[in-house]
Amino acid sequence: MTKKEDSFVKKLFKSKIFWVVITILFLLSLCIFFTSFSKKETDELTAYTVERVEIFSSVSADGYVDSNEKQLLSFGVSGRISALNVNEGDRVTKGAIIATIDKTPYEAQLRGAQGSLQSASASYSKLKNSLDIEIQKLSTQISEYDKQLAEYSQTATEQLSSNSVDRSELNVALSQENLQSAKDSKTNLEDEVDQIEKVSAANEDLSYLSG
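When we follow the numbering used here, the leftmost residue of the sequence shown carries the number 1042, and every step to the right adds one.
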């Protein structure tokens, strides 16, 4: 160090301005240090108030809401649905028609049943007419047998010889047997007519319901 530099340093240390500047710089350094330390202390010692809260777990997402209430539909007959009268989410009331079953196969069955009914009705009419004729014939035969039986009974009382009486009794017995057979045949035919009339009545009911 030269004499000039040494002299300058001595003058600088003796100068009041120098020490004032040094003091100011020192104070500024202390202020900066304490300010930074105080900020760190504040950040580290932040206080929180503890409170009891309820925690809810939730998820946010897109989707569709599916109702828990579901109703199963049932139909009286099986088949393919030809019409659906409501859409998803529609409100329905009691008695509303929700869906329609395809009635094509049932209409075909109905036409077949109606054809069978007409054929059965024609057969019934033909058979009934035949039975009515047979019953009329049997009624005539029964009347004839009753007439013959009365005649044989009268003849038997008028005959005096034993042979004539025996023949009359035999004729009476045969007439009674024929009469009973005719009556049985008539009863059977009347029963058949009664059954046919019941079937016809049932077919008429079916035709009425089908219409």
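The beta carbon of each residue, even a glycine, is placed where N, CA and C say it ideally should be. From a predicted model like this one, the values you see are computed outputs, not experimental measurements.
- Nearest to N1128 by C-alpha distance, out of L1168, N1229, R1093 and I1138, is I1138.
- Taken through DSSP and simplified to helix, strand or coil, I1138 comes out as coil.
- In the structure shown, the three-state DSSP call for S1123 is strand.
- S1184 and S1166 have their C-alpha atoms spaced approximately 27 Å apart.
- Of the residues assessed, L1151 falls on the exposed side of the cut-off, its CB having fewer than 16 other CB atoms within 10 angstroms.
- Contact check for S1123 against T1141 passes: the beta carbons are separated by less than 8 Å.
- The three-state reading of DSSP puts I1065 in helix, counting H, G and I together.
- Taking the CA atoms as reference points, G1117 sits about 24 Å from S1157.
- In the structure shown, the three-state DSSP call for L1114 is coil.
- Taking C-alpha positions only, G1120 is separated from L1113 by approximately 16 Å.
- A distance below 7 Å between beta-carbons, with the five flanking residues on each side excluded, links C1072 to no residue of its chain.
- Taken through DSSP and simplified to helix, strand or coil, D1173 comes out as helix.
- Residue state for T1181 is assigned as helix, using DSSP reduced to three classes.
- Excluding sequence positions up to five before and after Y1147, its CB lies within less than 8 Å of the CB of V1118 and G1120, all in the same chain and listed in chain order.
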